[in-house]
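Inspection log for the structure reproduced underneath, given as structure tokens.
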Amino acid sequence: MCKNIEPNNEVPVGETETATTNDTSKMSITEEQKNIVRSTAPILKENGKEITSIFYKHMFAAHPELLNLFNQTNQKIGTQPLALANTVYFAAENIDHLHVLIPQIKLIAHKHRALIVLPEHYPIVGKYLLLAIKEFLGEKATEEILDAWAAAYNIIAKIFIDLEQQLYDELGPDERDKGFVPLTIIKKENIASGPIVALTLERRDGGKMHNYHPGQYITFRIKKDGSFHNRHYSLLEPFDGKTYRIAIKDEIDQEPKGIVSNEIIDNYKEGDTILTSFPAGTFALIQDAKHHLFIAGGIGITPLSSLILELHKKNQIKSATLIHCVPTKEHAAFSNELKSILPENQYLLFCQGEKLGKDDLQKFLTPDTHVYICSSIPFMNKLEDYLAECNHPSSQIHTEVFQPSLSVLKNAVKDQATTKAL
């Protein structure tokens with residue numbers, strides 16, 4: 001059976017949008033406009049979710065085809081609008097020194113490339129963002145305010161467009177590779193309770209399987225109920241030159257239920273194809289770190305597994321410690337494999353009822369320890385609080401999340417402020 005084999009890479013953009021532009025000759029902003037943006041940015045901070053909800057409502061009404069680019073589960077629970085609001089707010093607040101945000105902007109740019117966001121999508125987003133600001137402010141939305149925000153948006157959009165073009169260029173001359181290509185499931189296996197299912201995929205259209213660094217993810221696009229849906233999945237191990245391997249958790253207890261994960265687990269089998277975009281992501285091993293502490297919550301083990309296996313491949317596994325928090329031992333994916341390669345007492349399993357606390361972390365922290373966390377956002381926030389109480393440098397804490405991060409650019413600003421204070 002062949003599912004979703006048509007690439008459907010290009011998202012039509014409809015009529016020409018004119019509220020913002022990709023014309024580099026107009027990519028400028030005056031000092032007066034910067035002051036206006038900074039002075040009005042708190043409005044976005046305080047009312048961002050409402051403004052961006054207005055934005056999404058109008059944009060999707062005019063361009064329903066753009067729903068293909070967004071995780072509709074995150075739309076329903078509100079994390080997508082809030083993440084967009086935070087991104088725009090922190091970029092606006094730091095309009096004079098956007099360079100401090102580049103590492104975090106790169107993270108978002110990787111997600112955009114994985115979803116096949118194109119330059120022509122940015123004027124559409126700009127148009128409806130400005131319309132949302134205008135609708136929310138009402139009579140207070142003067143021409144000067146809207147012009148200032150249009151200028152700021154164009155500057156920010158140009159940074160994203162340039163970074164994303166570099167990522168597309170890295171995929172080489174085969175234009176197919178810059179979109180979604182069909183990969184074939186050659187193995188599907190249950191690996192832990194949850195259930196958690198692992199898929200191994202290969203390419204059979206004669207094209208190239210692109211290399212990746214451990215910590216990156218691939219993106220699936222499936223068609224269900226007449227609409228396309230996307231989801232990122234971390235790669236489980238270093239590249240073998242011919243296949244990708246990922247793991248999926250059945251989200252039966254999540255509300256609203258995960259569309260892509262549940263559909264693949266329930267209805268896809270060996271021999272089926274899945275539309276896939278090639279590896280992306282900035283989460284990676286810090287190569288010169290003396291000690292690595294990995295902390296996973298449940299299915300958050302997936303990107304960390306790849307990093308640990310990379311250390312093993314380089315004969316550096318003695319520098320790794322893994323803490324995996326799961327409901328029961330049966331939910332601990334890859335436990336046998338990871339326990340067999342990690343040094344004794346450097347694989348710790350915390351099951352329900354066994355609370356991971358600050359004292360547990362302190363045992364494994366040294367001044368040169370780099371900490372890698374992948375978990376739910378509430379658990380991640382708690383871990384970051386513990387690490388702060390341990391006075392562990394935020395620059396040595398690396399996180400990967402499976403939903404829109406609400407603090408990506410905020411953390412960049414915080415880190416910059418800390419650097420200036422030293």
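The sequence shown maps to residues 1 to 422 in full-length UniProt numbering. Backbone N, C-alpha and C fix where the C-beta goes; we use that ideal spot for every residue, glycine too. All of these numbers come straight from a predicted model, not from anything done at the bench.
Taking a contact as a CB-CB distance under 8 Å, the pair residue 69 and residue 59 does not count as one, their CB atoms being some 11 Å apart. The beta carbon of residue 358 sits closer than 6 Å to the beta carbons of 386 and 389 from its chain, once the five residues preceding and following it are set aside; these are given in chain order.
About 6 Å separates the beta carbons of residue 322 and residue 342, which is inside the 8 Å limit, making them a contact pair. The Cβ atoms of residue 183 and residue 212 do not sit closer than 8 Å to each other.
A direct Cα-to-Cα measurement between residue 91 and residue 379 gives close to 26 Å. The DSSP assignment places complete alpha helix (DSSP H) segments of no fewer than 4 residues inside the segment 248–282 at 259–267, in order along the chain.
Between the alpha carbons of residue 141 and residue 134 lies a distance of about 5 Å. Under the criterion of beta carbons closer than 8 Å, residue 371 and residue 346 do not qualify as touching, at roughly 14 Å.
The C-alpha of residue 210 is placed about 12 Å away from the C-alpha of residue 173. At a Cβ-Cβ threshold of 8 Å, residue 237 and residue 245 count as neighbours. Annotated three-state conformation of residue 182 is strand, per DSSP. When rounded, the separation of the alpha-carbon atoms in residue 161 and residue 242 is 30 Å.
In the displayed model, residue 237 falls within coil according to three-state DSSP, outside both helix and strand. Counting along the chain, the unbroken beta strand (DSSP E) around residue 222 starts and ends at 217–224. Less than 8 Å separates the beta-carbon of residue 132 from that of residue 52.
Taking a contact as a CB-CB distance under 8 Å, the pair residue 310 and residue 285 counts as one, their CB atoms being some 6 Å apart.
If you draw a 10 Å sphere on the C-beta of residue 302, you find 16 or more other C-beta atoms in it, and that means buried. Here residue 197 is bridged, per DSSP, to 190 and 248.
Judged by DSSP secondary structure, residue 148 falls within the alpha helix (DSSP H) whose first and last residues are 143–169.
When 154, 138 and 47 are compared, the shortest CA-CA separation from residue 95 is found for 154. If you compare the alpha carbons of 112, 381 and 192 with that of residue 298, the shortest gap goes to 192.
Beta bridge pairing from DSSP links residue 371 with 293 and 397.
It is roughly 18 Å from the alpha-carbon of residue 350 to the alpha-carbon of residue 292. Across the structure, residue 269 and residue 189 are spaced so that their CA atoms are roughly 10 Å apart.
The Cβ neighbour count for residue 344, taken over all protein chains shown within 10 Å, is under 16; the residue is labelled exposed. In the structure shown, residue 204 adopts coil according to DSSP, grouped into three states. The segment 313–321 makes no contact with the segment 277–284, as fewer than three CB pairs between them are under 8 Å. Between residue 382 and residue 86, the alpha-carbon positions lie close to 20 Å from each other. By the beta-carbon neighbour count (other beta carbons within 10 angstroms, threshold 16), residue 296 is buried.
In the structure shown, residue 28 adopts coil according to DSSP, grouped into three states.
Taking 8 Å as the cut-off, the Cβ atoms of residue 180 and residue 116 count as close. Annotated as distal: residue 57 and residue 89, with beta-carbon spacing of 8 Å or more. The alpha-carbon separation between residue 221 and residue 32 amounts to approximately 44 Å.
About 6 Å separates the Cβ atoms of residue 331 and residue 194, confirming a contact at the 8 Å cut-off.
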